[in-house]
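A.B. asks:
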Amino acid sequence: MSNYRRIARTACAVAGLVICAPALAQDEGPPSTGGLEQPEIVREDAPLSQERLDQMVPKHPGYLGALAPANLNADRPPAPIDLTGTWFVDLSEGFSHFMFGPPYPRFGEEGTRALIDSAAAQERGETYRDSIGQCYPPGMPMIMTRVWPHAFIQVPTAIYMISGFNNSVRTIFLDGREFSDPDLVVPSYNGESIGHFEGDTLVVESKYFQTDNHWIDRGIPISDEFEIEERIRLLSDGTVMEVEYIMTDPVMWEGEWRSTKRFNRQDYTDINEANCILAYNANLPGTDLGSEEAEKRGTSNIEGVAGDEQ
Numbered sequence: 001m002s003n004y005r006r007i008a009r010t011a012c013a014v015a016g017l018v019i020c021a022p023a024l025a026q027d028e029g030p031p032s033t034g035g036l037e038q039p040e041i042v043r044e045d046a047p048l049s050q051e052r053l054d055q056m057v058p059k060h061p062g063y064l065g066a067l068a069p070a071n072l073n074a075d076r077p078p079a080p081i082d083l084t085g086t087w088f089v090d091l092s093e094g095f096s097h098f099m100f101g102p103p104y105p106r107f108g109e110e111g112t113r114a115l116i117d118s119a120a121a122q123e124r125g126e127t128y129r130d131s132i133g134q135c136y137p138p139g140m141p142m143i144m145t146r147v148w149p150h151a152f153i154q155v156p157t158a159i160y161m162i163s164g165f166n167n168s169v170r171t172i173f174l175d176g177r178e179f180s181d182p183d184l185v186v187p188s189y190n191g192e193s194i195g196h197f198e199g200d201t202l203v204v205e206s207k208y209f210q211t212d213n214h215w216i217d218r219g220i221p222i223s224d225e226f227e228i229e230e231r232i233r234l235l236s237d238g239t240v241m242e243v244e245y246i247m248t249d250p251v252m253w254e255g256e257w258r259s260t261k262r263f264n265r266q267d268y269t270d271i272n273e274a275n276c277i278l279a280y281n282a283n284l285p286g287t288d289l290g291s292e293e294a295e296k297r298g299t300s301n302i303e304g305v306a307g308d309e310q
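According to UniProt numbering, the sequence shown is numbered sequentially starting from 1.
1. Near PRO221, what residues of its chain come up, given a Cβ to Cβ distance below 8 Å and the 5 sequence neighbours on each side ignored?
2. Take THR145 as the anchor and find which of GLY94, GLY125, LEU64 and SER118 has the nearest alpha-carbon.
3. Which runs of the beta strand (DSSP E) fall wholly inside the region 107–134 and span at least 3 residues, in chain order?
4. Considering Cα atoms alone, identify which of PHE173, PHE152 and PHE100 is closest to GLY65.
5. Do GLY101 and SER223 come within 8 Å of each other at the CB atom, strictly closer than that value?
6. In chain order, which continuous runs of the beta strand (DSSP E) of length 3 or greater are located wholly inside the region 213–265?
7. With a threshold of 8 Å between beta carbons, is VAL204 in contact with chain B?
8. Among the residues of its own chain, which have a CB less than 7 Å from the CB of THR269, if the five just before and after it don't count?
9. Between which two residues does the alpha helix (DSSP H) harbouring GLN50 extend?
10. For the alpha helix (DSSP H) containing LEU72, list its first residue and its last residue.
11. Please state if the CB of GLY199 and the CB of PRO78 are separated by a distance shorter than 8 Å.
12. Which term fits MET142, buried or exposed, when burial requires 16 or more other beta carbons within 10 angstroms of its beta carbon?
13. Start and end of the beta strand (DSSP E) containing MET161?
14. Skipping 5 residues on each side, what residues in its chain have a beta carbon closer than 6 Å to that of TYR135?
15. Report the rounded CA-to-CA distance for ALA121 versus VAL169, giving the unit in angstroms.
16. Thinking just about the alpha-carbon of each residue, which of VAL240, ASP175 and ILE116 is nearest to the one in VAL155?
17. Whole angstroms is fine: what's the gap from ASN190's alpha carbon to GLU40's?
18. Between which two residues does the beta strand (DSSP E) harbouring GLU192 extend?
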C-alpha cells in the first residue's frame, strides 16, 4: 500500500468522514459478478454497401437539406427578424389563456360534441380525452402554449424549435422549398411548416398533420384537411413575439378559427431533456392516471380538465 493510501486510510479512520470514501473505494477491486460468467459477444455483421447505407438515410428529391453548407451559404436576402431565443407563452391575463378559444368558430357535430362532453366531464371532476397524459404529443397548435418554454434557433434556411415539453421538435423551412408530395409525406403532430417573410412579419403555413389523438383545447378533433397559418412579429424591441393563428378545417368547422398569442423572451432559462413516462403521470393532476391515484388516496384531482395543466 502506498504511503498516500496508508495516510488517507488512517485519516479517515480517525475522522470518520464520508468524503474519504471515493479515495478508499479504489482498493475494493472490480465489482462482483454474483457468480455469473460473462458471455463472450462476437460481432457477426457483414459490411454494408454504400448503396445500402444511402438507402438508410431518407433524402429529399433533388433539393438540399436545410443544414447543408451549400444551402446555408446560398445567396439570399438577410431575414428581417431573428426569432432566436427562448420564449414562454404570456399568461399574465390568466392561466386559461393557454387555450385557443373562446371565441370558437361554428363547429360541426364532432367539435360540438367535444365541447358538451368536456364540460360534463369537468362538472364531474373527470378528465376528457387525456391523450397528453397518455404520452401522445400535444401537436400544433397546443404544443405552443404548454406551460413550458420553447427554444427557437434561426439559421438562413430554417427555424428549429425545441419545446421544453417532451422536447418536441418543429422545423419551419425558410429556403423556398415546396411542400412535400402529399402521396409520400408522413403526417406528424407538428405538421410540415414552410415560411416566408412579408416585410417584418414571418408568415408560416403548416399542413400534413397526424389526426390520431390530436386535439385542440377541450378535445376538439381535427381532420386531414386541418391547416394553420401563423403571422409572427417581434414587438417591444424584440422582447415579445406575437403570433396570430389562423386555423382552417372545413371538415370540422366553418371558416377560420383565429387566436393571437404573445410569448415573452426568457434570457435566464434553457431547455433541458424531458420525457413522457406514462407511469410517472400518476403523480400529475389532470391526467387519467392522476385521477385514479387521487381516487385511491381519497383526495381531489384538482384542476383536472383534459390534461390542461401539462
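Positions of the beta carbon are idealized from the N, C-alpha and C atoms, including for glycine.
For clarity, every value in this text was computed on a predicted model and none was experimentally measured.
C.D. replies: Reading from the atomic positions:
1. GLU110, GLY111, ALA114, THR211, HIS214, TRP215 and MET252
2. GLY94
3. none
4. PHE173
5. no
6. 227–235, 240–248 and 256–265
7. The chain labelled as chain B is not found in the depicted structure, where only one protein chain is given.
8. THR86 and PRO149
9. 50–55
10. 69–72
11. no
12. buried
13. 158–163
14. As written in the sequence, residue 135 is Cys, which differs from the Tyr given in the question. Around CYS135: CYS276 and LEU278.
15. 31 Å
16. ASP175
17. 45 Å
18. 192–198
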